[in-house]
Amino acid sequence: MLELGKVFNRKFTRRDFLKYSSSLAILLGLSEMYVPQIASALEQIVSKKQPVIWLNGAACTGCTVSFANTNYPSVAELVLDRLSVKYMETLMAASGEVAEKALDDAIAQFKGKYVMVLEGAIPTKDRGIYLTVAGEPFVDKVRKVAEGAAVNIAMGTCASFGGIPAAGPNPTGCKGLKDVIGGTVVNIPGCPAHPDWLVGTIVNVLLFGKTPELDQFGRPKLFYGKLIHENCPRRGGYEQGRFIKSFGEELPDIEGCMGAKGCRGPVTSADCPHRLWNSGVNFCIAASAPCAGCTEPAFPQEFLYEPIPEVAKTIKAGETDKKKSAVGTFGASLGGAIAGAAAAAGGLYFAKEKARYEAADKSEGV
Ligand code: SF4
Ligand code: SF4
Numbered sequence: 204m205l206e207l208g209k210v211f212n213r214k215f216t217r218r219d220f221l222k223y224s225s226s227l228a229i230l231l232g233l234s235e236m237y238v239p240q241i242a243s244a245l246e247q248i249v250s251k252k253q254p255v256i257w258l259n260g261a262a263c264t265g266c267t268v269s270f271a272n273t274n275y276p277s278v279a280e281l282v283l284d285r286l287s288v289k290y291m292e293t294l295m296a297a298s299g300e301v302a303e304k305a306l307d308d309a310i311a312q313f314k315g316k317y318v319m320v321l322e323g324a325i326p327t328k329d330r331g332i333y334l335t336v337a338g339e340p341f342v343d344k345v346r347k348v349a350e351g352a353a354v355n356i357a358m359g360t361c362a363s364f365g366g367i368p369a370a371g372p373n374p375t376g377c378k379g380l381k382d383v384i385g386g387t388v389v390n391i392p393g394c395p396a397h398p399d400w401l402v403g404t405i406v407n408v409l410l411f412g413k414t415p416e417l418d419q420f421g422r423p424k425l426f427y428g429k430l431i432h433e434n435c436p437r438r439g440g441y442e443q444g445r446f447i448k449s450f451g452e453e454l455p456d457i458e459g460c461m462g463a464k465g466c467r468g469p470v471t472s473a474d475c476p477h478r479l480w481n482s483g484v485n486f487c488i489a490a491s492a493p494c495a496g497c498t499e500p501a502f503p504q505e506f507l508y509e510p511i512p513e514v515a516k517t518i519k520a521g522e523t524d525k526k527k528s529a530v531g532t533f534g535a536s537l538g539g540a541i542a543g544a545a546a547a548a549g550g551l552y553f554a555k556e557k558a559r560y561e562a563a564d565k566s567e568g569v
């Protein structure tokens, strides 16, 4: 049995435990009132550790790194100490037949109770021969593990929607988990996924006995309920039509919007602006990089360092207007025009992606 708390070589005190219950309340969007309830639920979780089986498909292992890369006691680290990860290729000490036996034993012993976490896409072309583990096509292994799981979670954009391994021309026929197994899959996309998104989802399942409410792409609304654009610190620049034209450019008196540099914030759902990354340090847009839309099914294919088409059109129209109008009126009219165009762009994008995602339910997978 792999206990990740031991991998991290840490012991937790009672004080850590209480701080942990508070952090979880915040993570799950609950008030402090729930802390005692969370603490008592955790006591039960500790006494019967939740089994987890973590499979690694076609990916860079960045989601494992994101999840494990903590430099002070974090919610992820503490929760991992409460989980019992039965199989995880990248961190387990066992290998070969011993590892495969551990997997088979875990499936048999915890059938219907374990959580499966898949990291990475699933190569499906030519019966899945482009990725085999212990002589078995990975796609078959995924199906076998998913069949006995209480909850199936796709960690990261590759596991959720295919991501980088499925980008054109996709010679190995890589697919996301739902495209292969159908049914209910909790998608935790991101390149990589934020550790809180996975931890919060598992804790939600443990505390309330069910998966959190999901959006149209199978993502927990708790973390993916709002567009990046809605909470962006550069939103003022956007509303006033103040766009940066080159990276590192600083505009006087305002943080310039990155829409002209291809920012996909208007069509990307995630809570990065207030969750922040690297233990709460920063996130892409605040660090002067446009949002690449890494939590969306269209990533990475549709991310270009160019404005999304409708915003580009509106920026151009605004520049023409600017020549004709006083600066004060330009900002207001351009802001409104862009908001309308971006909303229309978002509507089209979501309709197209939703149709594709729902079709996966009816597909045979491989
Ligand atoms: S387009 Fe991007 S940088 Fe500009 S306000 Fe929206 S999310 Fe922020
Ligand atoms: S800001 Fe955009 S690209 Fe950056 S992590 Fe969040 S969703 Fe991904």
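No gaps in the numbering here: position 242 of the sequence shown is 445 in my numbering, and each next residue is one more. All residues carry an ideal CB built from backbone N, CA and C; glycine is no exception.
- Where I256 is concerned, the enclosing beta strand (DSSP E) starts and stops at Q253 to N259.
- Here the C-alpha atom of P469 lies approximately 6 Å from the C-alpha atom of L430.
- G428 sits away from F446, with the two beta carbons spaced by 7 Å or more.
- Taking 7 Å as the cut-off, the Cβ atoms of S224 and V238 count as close.
- In this structure Y317 is buried. Its beta-carbon is surrounded by 16 or more other beta-carbon atoms within 10 angstroms.
- In chain order, S224 place their CB closer than 6 Å to the CB of A242, counting only its own chain and leaving out the 5 sequence neighbours on each side.
- A direct Cα-Cα distance of roughly 42 Å separates L410 from P372.
- The DSSP assignment places 341 to 350, 360 to 364 and 380 to 384 as complete runs of the alpha helix (DSSP H) inside the region 316 to 391, in order along the chain (cut-off: 4 residues).
- With a 10 Å radius around the Cβ and a threshold of 16 neighbouring Cβ atoms, N259 comes out buried.
- Ranking P398, P326 and G385 by CA distance to the CA of A370 puts P326 first.
- Closest in C-alpha terms to D307, from the list V348, M295 and V336, comes V348.
- According to the DSSP assignment, S269 belongs to the alpha helix (DSSP H) that extends over G265 to A271.
- Contact between N355 and L380 holds: CB atoms are separated by about 7 Å, below the 8 Å threshold.
- The count of Cβ pairs closer than 8 Å, one atom from the region 293 to 303 and one from the region 388 to 399, stays below three, leaving the stretches out of contact.
- Beta-bridge pairing by DSSP links Y290 to I256.
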